[in-house]
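Visitor:
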Amino acid sequence: MNRRVVTFHYTLRDPEGRVLDSSAGNPPVSYLEGAGQIIDGLDQRLRTVAAGAKTRVQVPAAEAYGERDPEQVQRVKRVLLPVDGEVQIGETFRTGEDRQAPVVTVVGIEGDEVLLDGNHPLAGVALTFDVEVVGAREATAEELSHGHAHGDGAGGGGCGEGCGCH
Ligand code: ZN
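According to the working numbering, the sequence shown is numbered sequentially starting from 55.
#1: With DSSP as the reference, please indicate the residues paired to Y64 in a beta bridge.
#2: Once you ignore the five residues that flank T146 on each side, which residues in its own chain have a CB closer than 6 Å to its CB?
#3: Quick check on the burial criterion: 16 or more other C-beta atoms within 10 angstroms. Buried or exposed for A193?
#4: Given a threshold of 16 other Cβ atoms within 10 Å of its Cβ, counted over all protein chains shown, does T102 qualify as buried or as exposed?
#5: Beta-carbon separation of L96 and Q128 under 7 Å?
#6: Kindly indicate which three-state DSSP category L74 falls into: helix, strand or coil?
#7: Does the distance from the C-beta atom of L100 to that of V59 stay below 7 Å?
#8: Tell me the DSSP bridge mates of A190?
#9: In angstroms with no decimal places, state the Cα-to-Cα distance between G209 and D138.
#10: Is there contact here, the stretch 57 to 75 with the stretch 171 to 182, by at least three beta-carbon pairs under 8 Å?
#11: Report buried or exposed for V133, applying the criterion of at least 16 other Cβ atoms within 10 angstroms of its Cβ.
#12: Could you give the first and the last residue of the continuous alpha helix (DSSP H) run that contains L198?
#13: On the DSSP letters alone, give me the boundaries of the beta strand (DSSP E) that R110 sits inside.
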């Protein structure tokens, strides 16, 4: 089967039914199948879903943001953090200037030290997506060579960033 560009709306919930994210109120998201533009477990499970269909997709943690890795929790001196005021549990920091730099979450404060968790906030969480596929078409040769969707939709309009196509 040829690879498709799929455009969809979604609502993402955790196992307790809390809404974590949703495309409601925003343009639908477009992605090229198998290109790593969305989490792999969702990509795989939408392969056989046709345009117009609504479906519920459940993705185990291992196929979403991975299992939690206890080794990713580090203890650092409070003074080394890039903040002036109080540090609070749940606060997040980017570990570098780069937009792609990993984000860590403060999970503990012990005296002048803090515990920083480098796991993705959704690591270890099974995800449930309620998906409405609003469009699906065959990918163009240009999209296949760039490895992402072009054109319509939030995920597809952003070509140019890190892409040599324009
Ligand atoms: Zn491109």
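Built from N, CA and C at the ideal position, the CB exists for glycine as well. None of these values were measured; they are calculated from a predicted model.
Guide: To lay it out plainly:
#1: For the purposes of this step, residue 64 is identified with residue 10 of the sequence shown, where counting begins at 1. According to DSSP, which records beta bridges pairwise, Y64 is partnered with V185.
#2: The residue you call residue 146 lines up with position 92 of the sequence shown. Excluding positions up to five away in sequence, the list reads V157 and T159.
#3: On the sequence shown, residue 193 is found 139 positions in, with the first residue counted as 1. When all chains shown are included, A193 counts as buried.
#4: Position 48 of the sequence shown, counting from 1, holds the residue named residue 102. T102 comes out exposed.
#5: The residue given as residue 96 occupies position 42 in the sequence shown. The residue given as residue 128 occupies position 74 in the sequence shown. No, the Cβ-Cβ distance between L96 and Q128 is not below 7 Å.
#6: On the sequence shown, residue 74 is found 20 positions in, with the first residue counted as 1. Looking at L74 - three-state DSSP - the assignment turns out to be strand.
#7: Residue mapping note: residue 100 aligns to position 46 of the sequence shown, counting from 1. Residue mapping note: residue 59 aligns to position 5 of the sequence shown, counting from 1. Cβ distance not < 7 Å, so L100 and V59 don't count as in contact.
#8: Counting from 1 along the sequence shown, the entry for residue 190 is found at position 136. A190 pairs with V60.
#9: One-based indexing of the sequence shown puts residue 209 at position 155. One-based indexing of the sequence shown puts residue 138 at position 84. The predicted position of G209 is uncertain, since its pLDDT is 45 and thus under 50; no value can be drawn from it.
#10: yes
#11: Taking the first residue of the sequence shown as position 1, residue 133 is located at position 79. Exposed: under 16 other Cβ atoms inside 10 Å.
#12: For the purposes of this step, residue 198 is identified with residue 144 of the sequence shown, where counting begins at 1. Looking at the DSSP string, the run of the alpha helix (DSSP H) that includes L198 is A195 to H200.
#13: Here residue 110 refers to the residue found at position 56 when the sequence shown is read from its first residue. Element bounds for R110: K108 to V113.
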